[in-house]
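Going by mature numbering (1 follows the signal peptide of the UniProt record, and there is no 0), the letters in the sequence shown line up with residues -20 to -1, 1 to 272, in that order. No residue lacks a Cβ here, since even glycine has one placed at the ideal position from N, Cα and C. Only a predicted model underlies this, so the values are computations on that prediction, with no experimental measurement involved.
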Amino acid sequence: MVSIWLFLLPCLSLVSVSSAEKGLEFPRYDGKDRVIDINDKNYKKALKKHSMLCLFYHEPVADNKELQKQHQMTELVLELVAQVMEEKDIGFGMVDSLKDAKVAKKLDLEEEGSVYVFKDDRVIEFDGLLSANTLVEFLLDLLEEPVEIIENALELKAFDRMEEDIRIIGYFKSEDSEHYEAFKEAAENFQPYIKFFATFEKSVAKELTLKLNEVDFYEPFMEEPVTIPGRPHSEKELVEFITQHRRPTLRKLRAEDMFETWVRNLQNIIIYLFFQKPFSHFGSFPPFFSGG
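Have a look at this one:
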């Protein structure tokens, strides 16, 4: 992941964040230390104590004043997020790649400057802009159910308007269906980066031209979906297909996964990225070009 851009603005003023539950307002940092230094003695306790543990893996703090300031800004972002999410049973910590190398190896932390979220038996790397509001939205999405159920025409219209995102949707008999359970387990592997939907309604399935236990894959900005072959599908089959096809031809650059866009070792491929409007709360970025 490329070097993380840090923004102090969300930490210094009130900003609004939309979430699945309700609108949140960021308070000023209250000065209470909630982010802990993770080491070989306390990491197991931290993992057991919280339903999710969010760790920032960083290089050793240098003597350089600018780098020290950047590190302090990062810590302040994490402290503010921890303050806002205090009632959500999410722990926050920092891991020094040199001082806590043993812990990093045990937890399989590899990329300095990355945020890793531990949830159940999964480790999710945060590929977004490290700012308070973006990280809060990311964590709130992780707390949601991995599959959203579409029950009526109104919800179907909302689904159709989500053309900027990769979407996976399946039609199943009921929530008790073993095939829906496999679909749900597959969704957990991609949460929150890829949105999964399901319906148990014949009328909705008819509008989507879905057969029972059939799953469609919608690529961003493409009118027609691709039907995943071989229904009914196991969790493994779904994960393999989606992993193979998850990098779309065209995608919108988003704050929550902007660094996941980059691909290393491209040959004879040129990527153009254009920022046409500013990200909310951060100011605008100039257009830029990347070639490989």
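**Asked** Considering only the beta carbon of each residue, do residue 192 and residue 160 sit closer than 7 Å?
**Response** No. Outside cutoff.
**Message:** Report the CB separation of residue 77 from residue 67 in whole angstroms; it is logged as a contact under 8 Å.
**Reply:** Going by Cβ atoms, the distance from residue 77 to residue 67 rounds to 31 Å, so no, they are not a contact pair.
**Request:** Determine the DSSP secondary structure at residue 41, reduced to helix, strand or coil.
**Result:** Looking at residue 41 - three-state DSSP - the assignment turns out to be coil, as it is neither helix nor strand.
**Request:** Compute the Euclidean distance between the alpha carbons of residue 175 and residue 205, then round it to the nearest angstrom.
**Result:** 14 Å
**Message:** Only counting the same chain, and skipping five residues up and downstream in sequence, which positions put a Cβ closer than 7 Å to that of residue 219?
**Reply:** 166 and 169
**Request:** Could you check if residue 209 is buried or exposed, using at least 16 other CB atoms within 10 Å of its CB as the buried criterion?
**Result:** exposed
**Prompt:** Hey, quick one: how far does the alpha helix (DSSP H) through residue 183 stretch, first residue to last?
**Reply:** 182 to 187
**Prompt:** Around the Cβ of residue 225, are there at least 16 other Cβ atoms within 10 angstroms (buried) or fewer (exposed)?
**Reply:** Per the 10 Å Cβ criterion, exposed.
**Residue closest to residue 84, alpha-carbon to alpha-carbon, out of 138, 64 and 17** = 17
**Request:** Counting only the same chain and skipping the five closest in sequence on each side, list residues whose C-beta sits under 7 Å from that of residue 123.
**Result:** 68.
**Request:** Under the assumption that residue 35 contacts residue 75 (Cβ atoms under 8 Å), give the Cβ distance between them as a whole number of angstroms.
**Result:** By a beta-carbon distance limit of 8 Å, residue 35 contacts residue 75. Their separation comes to about 5 Å.
**Item:** Whole alpha helix (DSSP H) elements within the stretch 125 to 185, 4-residue minimum
**Value:** Complete alpha helix (DSSP H) runs here, min 4: 133 to 140 and 158 to 168.
**Item:** Cβ-Cβ separation, residue 197 to residue 148 (assumed contact under 8 Å), whole Å
**Value:** 6 Å
**Request:** With DSSP collapsed to three states, give me the class of residue 59.
**Result:** helix
**Prompt:** Comparing the CB of residue 203 with every heavy atom of the ligand COA, is any distance shorter than 6 Å?
**Reply:** Among the components modelled here there is no ligand, and therefore nothing to report on the ligand COA.
**Item:** Residue from 31, 194, 21 and 211 whose Cα sits closest to the Cα of residue 102
**Value:** 31
**Message:** Quick check on residue 15: does DSSP put it in helix, strand or coil?
**Reply:** coil
**Item:** Cα-Cα separation between residue 155 and residue 217, rounded to whole angstroms
**Value:** 20 Å
**Request:** Determine the DSSP secondary structure at residue 201, reduced to helix, strand or coil.
**Result:** coil
**Prompt:** Mapping DSSP to helix, strand and coil, what is residue 35?
**Reply:** strand
**Request:** Consult DSSP for residue 99 and reduce its assignment to one of helix, strand or coil.
**Result:** strand
**Message:** From the DSSP secondary-structure annotation, give me the bridge partner or partners of residue 104.
**Reply:** DSSP output for residue 104 lists 97 as bridge partner(s).
**Request:** Find out if the Cβ-Cβ distance for the pair residue 82, residue 20 is shorter than 7 Å.
**Result:** A contact, by the Cβ cut-off of 7 Å.
**Item:** Three-state class that DSSP yields for residue 324 in the structure shown
**Value:** In the structure as shown, the chain starts at -20 and stops at 272, and residue 324 therefore has no counterpart that could be examined.
**Asked** Just how far apart, CA to CA, sit residue 186 and residue 142?
**Response** 19 Å
**Request:** May I ask you to report which of helix, strand or coil DSSP gives residue 120?
**Result:** In the three-state reduction of the DSSP assignment, residue 120 falls in the helix class, which pools H, G and I.
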